[in-house]
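One structure below.
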Amino acid sequence: MLTDEERYLFDLNGYIVLENVLTPKEVADANAAIDCHIDKMRVRPPEQSLSGESPGLKGEFGRGEMGGMLAWEEPYCLPFRHMLAHPRIVLALNEILGKGFRMDHHMFLLSMEKGAEGHTFHGSSGPGFDPNQYYIWQNGRMHNGLTVVTFQLTDVNPGDGGVSVIPGSHKSNVACPSSIRRYEKHQGEIRQVVCKAGGAVIFTEATTHGTLPWTADHPRRSILTRYTAGNMAYVPSYDIPEWANERERAVMEKPYHSRLNRPFLEE
Ligand SMILES: O=C(O)CCC(=O)C(=O)O
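This is the structure in C-alpha cells:
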C-alpha cells in the first residue's frame, strides 16, 4: 500500500519520490559493484543521440548504459537483486500495478557524467489510448501500465539535471507539443526530480518525462527497472534465470491472469 500522502501525490503528479529506501551501505555496495564492472559500460554514440538536437538538451556526449547486473557473480549481483523485489517497492507497486506485478524490461544502469546530453520528453498521455502505458482511476483505485522504478545511487540535487517530468501530464487529454517535448518552450512546466542517493523515484510511463543534461561534478548513477501489471508484457517475456530465489521468481513470472495461482509478494 501507498501511504495517504504517496497515493495523493502519485495521482496528482504521476510520480512519487521515496526517500531512504536503501541504506548508505547498500548504496556503497551497489556503487562498488558498478566500479568493478565499469568496463562493461557503453556510452551512447552520437548517431544514437537522445537529445533530438534540441539546444536545451544537447550535450558533449551520450549517457552511459550498462545492463546484466542481476546476473553478475556474487557478491556484486546482491545489491541489485535486493532492489528488484525490495519490500518498500513491493508495497508501492502492489497498489500502483496490483499484486502479481512483474519486471517487464530488464534492470539497467543509466549513468551521466558532467556534460552528458539529455533526452527529449516522451510518455503516453493523450490523445489516443496506449494499452501498455496508461493511467486510469476506476472503482476507487489507480490502474497503471508500464511503470518505472529508479533507484538513485548518487545525489540528484536541484539543478543537477537527470530525470524530469511534467507533473500531472499522465492525465492529459492533449498530445504534448513538440516544442515542449524538445524543451524549447514553457521550460517552467518541467520539474527536475530531486532525490538523494538511496531514494527511489517511481513514475508511470504515461507521465511525460525526459532527461535534462547532467551538470553536477559527480556522476549520475540511476538503476532503472520497468515493471508492469501481472497480466501484461510490453517487451517479449524472458525465461526466469536459475539463480532466482522464490521472491525474485515472483517478480519475473510470465504474464498471465492472477487467478491462475500467480505468486505475489505482500511486502
Ligand atoms: O533520465 C531518466 O531517468 C529517464 C530515461 C528515459 O525516460 C528513457 O530512457 O526512456
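The opening residue of the sequence shown carries number 808 in my numbering; numbering runs sequentially from there. Note that CB positions come from ideal geometry on N, CA and C, so glycine has one too.
Express the C-alpha separation of L829 and L1019 in angstroms, rounding to a whole number. One-based indexing of the sequence shown puts residue 1019 at position 212. One-based indexing of the sequence shown puts residue 829 at position 22. Using only the alpha carbons, I get a separation of about 24 Å.
Output the distance between the C-alpha atoms of E813 and L1031, rounded to the nearest integer angstrom. One-based indexing of the sequence shown puts residue 813 at position 6. One-based indexing of the sequence shown puts residue 1031 at position 224. So the two alpha carbons sit approximately 20 Å from each other.
Taking E1053 as part of the alpha helix (DSSP H), name the residues at either end of that continuous run. Here residue 1053 refers to the residue found at position 246 when the sequence shown is read from its first residue. That run of the alpha helix (DSSP H) goes 1053-1057.
Taking the Cβ atom as the reference point for each residue, do F868 and G922 lie within a distance shorter than 8 Å? Walking along the sequence shown from the start, residue 868 turns up at place 61. Walking along the sequence shown from the start, residue 922 turns up at place 115. In this structure, G922 lies closer than 8 Å to F868 by Cβ.
Which partner residues of H912 appear in the DSSP bridge assignment? In the sequence shown, the residue the question calls residue 912 occupies position 105. Answer is R1033, bridged to H912.
Ligand 1 and H1016: does the residue's C-beta get closer than 7 Å to at least one heavy atom of that ligand? Position 209 of the sequence shown, counted from the first residue, corresponds to residue 1016. Yes; taking the cut-off as 7 Å, the Cβ of H1016 has a heavy atom of ligand 1 nearer than that.
N-terminal and C-terminal residue of the beta strand (DSSP E) that I896 is part of: Mapped onto the sequence shown, residue 896 falls at position 89. Here I896 belongs to no beta strand (DSSP E); instead the alpha helix (DSSP H) covers 894-903.
Would you mind giving the Cβ-Cβ distance between V970 and V1000, rounded to the nearest angstrom? I have them listed as a contact below 8 Å. Indexing the sequence shown from 1 puts residue 970 at position 163. Indexing the sequence shown from 1 puts residue 1000 at position 193. Between V1000 and V970 the Cβ distance is about 5 Å, and since that is below 8 Å, they are a contact.
Say whether the stretch 944-952 touches the stretch 983-995, bearing in mind that this needs 3 or more beta-carbon pairs closer than 8 Å, one atom from each stretch. no
Cβ shell of P831 (< 7 Å), same chain only, five flanking positions each side left out: The sequence position of residue 831 within the sequence shown is 24, counting from 1. The residues are G1005.
Considering only C-alpha positions, which residue in the set S1029, S979, D962 is nearest to K1003? As a working note, residue 1003 is residue 196 in the sequence shown. Nearest C-alpha to K1003: D962.
Cβ distance (whole Å) where S1065 is taken to contact E1012 below 8 Å: For the purposes of this step, residue 1065 is identified with residue 258 of the sequence shown, where counting begins at 1. For the purposes of this step, residue 1012 is identified with residue 205 of the sequence shown, where counting begins at 1. Their Cβ separation, rounded to whole angstroms, is 21 Å, which puts S1065 and E1012 out of contact at 8 Å.
Would you check if the distance between the CB atom of N980 and the CB atom of G933 is smaller than 8 Å? Locating residue 980 in the sequence shown gives position 173, where the first residue counts as 1. Locating residue 933 in the sequence shown gives position 126, where the first residue counts as 1. Yes; because the gap between Cβ atoms is below 8 Å, this pair is in contact.
Closest by CA to W944, which one among T810, E1073, L819? Translated into the one-based positions of the sequence shown, residue 944 becomes position 137. Here the closest residue by C-alpha is L819.
Skipping 5 residues on each side, what residues in its chain have a beta carbon closer than 7 Å to that of F915? Residue mapping note: residue 915 aligns to position 108 of the sequence shown, counting from 1. E872, M873, G874, L1031.
Buried versus exposed call for D967 [16 or more other C-beta atoms within 10 Å across all chains shown]: Here residue 967 refers to the residue found at position 160 when the sequence shown is read from its first residue. Buried, by the Cβ-count rule.
Can you give me the start and stop residues for the beta strand (DSSP E) that Y942 sits inside? Taking the sequence shown and counting its residues from 1, one reaches residue 942 at position 135. First-last of the beta strand (DSSP E) with Y942: 942-945.
With respect to the beta strand (DSSP E) encompassing I1009, which residues constitute its N-terminal and C-terminal limits? Position 202 of the sequence shown, counted from the first residue, corresponds to residue 1009. From DSSP, the beta strand (DSSP E) with I1009 extends over 1007-1011.
Beta carbon of I973 nearer than 8 Å to that of F928: Stepping through the sequence shown from its first residue, residue 973 is reached at position 166. Stepping through the sequence shown from its first residue, residue 928 is reached at position 121. Yes, the Cβ-Cβ distance between I973 and F928 is below 8 Å.
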